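Notes follow the structure.
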Amino acid sequence: MSAELLTHEARQRRTAGTVMGLALGAFGFFGIAISGSVGDMFDRLTQDMPTALQAFVGADVPGGYVVGEIFTLVVPIAIVAYAVIAGSSALAGEERDGTMAILSAQPVTRTRVLWAKAGSLALSLAAVGVLFWGLMALAGWMFDSDLPAAKMAAGAVHLVFLAAAFAAIALAVGAATGRPELASSVTGGLAVAAYLASTMLPLAGLDRWAELSPWYYALGSDPLRGGVDLAHLGVFAAIAAAAMAIATITFNRRDLRG
Amino acid sequence: MTEHTATKHHDTGHRGSAARSPAIRTSGLTKQFGDLAAVDDLDLQVEVGEIFGFLGPNGAGKSTTIRLLLDQLRPTSGAADVLGLGIGTDSLKIRRRIGYVPGDLALYPKMTGQQTIDYFADLRGGVDPAYVAELAERLDADLTRKVGEYSTGNRQKIGLIQAFMHRPELLILDEPNAGLDPLVQQTFQEMLREVRAQGRTVFLSSHTLSEVERVADRVGIIRHGRLVVVERIDELKRKAISRLDFEFAGPVPADLFDAVEGAHDVEIDGAHAEVAYTGSVNSVLRAATRHEVIALHSRDADLEEIFLAYYRDSAETPAVPNGDALTDSSHPAHGSGPAAPRAQAVTQDNHVR
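Line by line, the protein sequences give chains Y and F. Heads up: the first sequence begins at 1 in my numbering, then just goes up one per residue. Heads up: the second sequence begins at 259 in my numbering, then just goes up one per residue.
In structure tokens:
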């Protein structure tokens, strides 16, 4: 019966995930497409900058400034925002909308409902990542980018794992409270604070402290150059696992809303 | 009028000994939300094979009780079992064997009626599609459109099909009449009687008596989370005060009904007489027909008034409702003032706690 739940959940999330994936993919496509011309111009502008400033504006990655912006700023923020919103409303949204009353009367355990939601979030984020990577890789092939598709994939994988960690946190807050708005504001706030920590602390020479931020393991591990960093992905997996453990315990213990 | 099957304690033959347990049994069931006891020390027993009306004003604790039974809420204290299974330990087994329509039913707006039914059928491991089609036809439900486009009544029909489709042993229906037009309500009541005839059980919550009066065998009235009374509907009707209005050809003596046993609240104004009575109508008629009767009106609404009195009273605050307060808008022509104290009297007689 979990399969039915998962199918239903995936269907519910299909449109939003596809739109998100295509939007990010289009962004990546055009980013790669213009990185040849605009990128060259920007590289000339930034090549004399101190290394720290280059790192801050994202100009030090293969593919140059535009690709750097795609992987360090726009897409991470967008995919994490999507993950937070989707994660917050996945379970607690049913309580807000009142559908939890009829769903929880079916012969399925709360744990199964929760994990079906988690599974559909993971599928959705994976789909976003594949669309994003696919369109960008297409552009890389068409416009002969110096960023290989495999490295693009590594960057996309790190972003998807980053998003999955935040989605799991949002899902857990929603599972513990039944309040989607609370889940999105708490997790959103946490994501913003962590983002600022990961970008600002290194500028203040506090590199080690930046490692406390999940963003460090997506932006700081440099997958575009070094490929997938399994240890860093493990950090995301650990965050998600901890969040899911808390979600499972709290969701099973409390009164349902709606 | 109420129909009664000869036996109320059918053995449905389901799952051995569990079927012989009451359909629902709660003992000391309590749910506290902060300082508010939404359900307060509730002792309730619903037998297998009956239609039990669970009545109470909005906010009395009906939905909270039901959600406790379904393990959506966890009791503060007390215990309950459904079909012989503990609500906390065996909820999954319970939910396999019941059908439920929530109050304020919400469904997924982007799914069609059919997709919604299919989804819930899948979660149950499949149901007989022919029976779903039959239910949809009887309830005149349109399954083709998206749920978001449905009226309340159409959405409610989806909820009903979903609750009935796996032929559950126990139906728990929370305000199921919402938005149903009168014809569909009639069909729905037929379906409930069929469920009872098959030895299955219905737990029917409502805030209005008229919704359950025609189908329920027994009713329990809950108010401020406490069970005020459990009574057979026919017993309540027997106790209910009926009223007769006489129009005579000429003035009648003021003491016309004084000697009639069971007559009270007599008002005689020249050729017009109103009389309330309990018990048999014969003696009232015998007294009246000694004079030329031109017109006779019978009013049978007092059952509703008994309920309204129950709703207003409680064991802790035995305030006597006044006539004005009892004049319900649904009985505008009814002189309910004199009847109110009688309703109050019945209330007190029937208190179980």
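Heads up, the beta-carbon is just placed ideally off N, CA and C, and yes, glycines get one too. From a predicted model like this one, the values you see are computed outputs, not experimental measurements.
Residue i - containing alpha helix (DSSP H), residue span
| i | result |
| --- | --- |
| His-232(Y) | 230-253 |
| Asp-207(Y) | 207-210 |
| Leu-450(F) | 440-455 |
| Arg-11(Y) | 2-35 |
| Glu-95(Y) | 75-97 |
| Asp-376(F) | 371-381 |
| Ala-281(F) | Premise fails: Ala-281(F) is in no alpha helix (DSSP H) and is neither H nor E. |
| Glu-505(F) | Careful: Glu-505(F) lies outside any alpha helix (DSSP H), inside the beta strand (DSSP E) at 500-506. |
| Leu-123(Y) | 110-142 |
| Leu-326(F) | 320-327 |
| Asn-412(F) | 410-422 |
| Thr-187(Y) | 180-203 |
| Leu-365(F) | No alpha helix (DSSP H) holds Leu-365(F); DSSP gives it neither H nor E. |
| Val-510(F) | That residue, Val-510(F), is in no alpha helix (DSSP H); it is neither H nor E in DSSP. |
| Glu-550(F) | Looking at the DSSP string, Glu-550(F) is not in any alpha helix (DSSP H), and its letter there is neither H nor E. |
| Ser-468(F) | 467-471 |
| Asn-435(F) | It is not in any alpha helix (DSSP H) - Asn-435(F) carries neither H nor E in the DSSP assignment. |
| Tyr-389(F) | 387-396 |
| Ala-546(F) | 540-546 |
| Ala-101(Y) | 100-103 |
Beta-carbon proximity of residue i to residue j, cut-off 8 angstroms
| i | j | result |
| --- | --- | --- |
| Ile-77(Y) | Leu-159(Y) | no |
| Tyr-65(Y) | Thr-46(Y) | yes |
| Glu-9(Y) | Ala-101(Y) | no |
| Ala-23(Y) | Ala-139(Y) | no |
| Asp-527(F) | Ala-534(F) | no |
| Val-551(F) | Ala-529(F) | no |
| Ala-545(F) | Phe-506(F) | no |
| Ile-479(F) | Gly-314(F) | yes |
| Ala-338(F) | Leu-327(F) | yes |
| Gly-220(Y) | Ala-210(Y) | yes |
| Phe-71(Y) | Leu-162(Y) | no |
| Glu-469(F) | Asn-435(F) | yes |
| Gly-660(F) | Ile-416(F) | It is not possible to answer for residue 660(F), since the shown part of chain F is limited to 259 through 611. |
| Gly-17(Y) | Val-128(Y) | yes |
| Leu-300(F) | Ile-282(F) | no |
| Thr-266(Y) | Ala-164(Y) | Outside the displayed range of chain Y (1 to 258) lies residue 266(Y), so it cannot be described from this structure. |
| Ile-419(F) | Leu-397(F) | yes |
Burial state of residue i, where buried means 16 or more other Cβ atoms lie within 10 Å
| i | result |
| --- | --- |
| Glu-4(Y) | buried |
| Leu-485(F) | buried |
| Trp-141(Y) | exposed |
| Arg-476(F) | buried |
| Glu-471(F) | buried |
| Phe-640(F) | No answer is possible for residue 640(F): the residues shown for chain F start at 259 and end at 611. |
| Arg-454(F) | buried |
| Gln-12(Y) | buried |
| His-482(F) | buried |
| Ser-285(F) | exposed |
| Pro-387(F) | exposed |
Neighbour flag for residue i against chain C, beta carbons, 8 angstroms
| i | result |
| --- | --- |
| Ala-364(F) | No chain C is present in this structure, whose protein chains are Y and F. |
Endpoints, the beta strand (DSSP E) within which residue i is located
| i | result |
| --- | --- |
| Val-533(F) | 530-535 |
| Glu-519(F) | Taken as a continuous stretch (DSSP letters only), Glu-519(F) belongs to no beta strand (DSSP E), as it is neither H nor E. |
| Ala-296(F) | 294-304 |
| Ile-309(F) | 309-313 |
Identified DSSP bridge partners for residue i
| i | result |
| --- | --- |
| Thr-288(F) | Ser-335(F) |
| Glu-489(F) | Val-477(F) |
| His-555(F) | Asp-503(F) |
| Glu-525(F) | Glu-532(F) |
| Phe-461(F) | Phe-310(F), Ile-430(F) |
| Arg-484(F) | Arg-481(F) |
| Lys-404(F) | Thr-370(F) |
| Tyr-358(F) | Ile-430(F) |
| Gly-147(Y) | According to the sequence displayed, residue 147(Y) carries Leu and not Gly. DSSP lists no partner for Leu-147(Y). |
| Val-340(F) | Ile-282(F), Leu-343(F) |
Contact set between the segment 314-331 of chain F and chain Y, restricted to residues whose Cβ is under 7 angstroms from the partner: Listed by position along the chain: Leu-328, Gln-330, Leu-331.
Contact set between the segment 334-358 of chain F and chain Y, restricted to residues whose Cβ is under 7 angstroms from the partner: For the segment 334-358 of chain F, which is checked against every Cβ of chain Y, the residues closer than 7 angstroms are Leu-350, Arg-353, Arg-354, Tyr-358.
Interface residues of the segment 442-459 of chain F facing chain Y [CB-CB below 8 angstroms]: Only those residues of the segment 442-459 of chain F whose C-beta falls short of 8 angstroms from the nearest C-beta of chain Y would be listed, and there are none.
Residues of the segment 382-402 of chain F whose Cβ lies closer than 7 angstroms to any Cβ of chain Y, in chain order: Residues are counted here when their Cβ sits less than 7 angstroms from a Cβ of chain Y; for the segment 382-402 of chain F these are Arg-382, Gly-383, given in chain order.
Residues of the segment 96-108 of chain Y whose Cβ lies closer than 7 angstroms to any Cβ of chain F, in chain order: So the list reads Asp-97, Gly-98, Thr-99, Ala-101, Ile-102, Ser-104, Ala-105, Gln-106, Pro-107, Val-108, given in the order they occur along the chain.
Contact list for the segment 159-182 of chain Y against chain F, Cβ threshold 8 angstroms: Nothing from the segment 159-182 of chain Y brings a Cβ to less than 8 angstroms from some Cβ of chain F.
Near-chain F residues of the segment 227-238 of chain Y (beta-carbon distance less than 7 angstroms), N- to C-terminal order: Residues: none.
The segment 368-380 of chain F: positions lying closer than 8 angstroms to chain Y by Cβ: Close to chain Y, meaning a Cβ-Cβ distance shorter than 8 angstroms, are the following residues of the segment 368-380 of chain F: Lys-368, Tyr-377, Phe-378, Asp-380.
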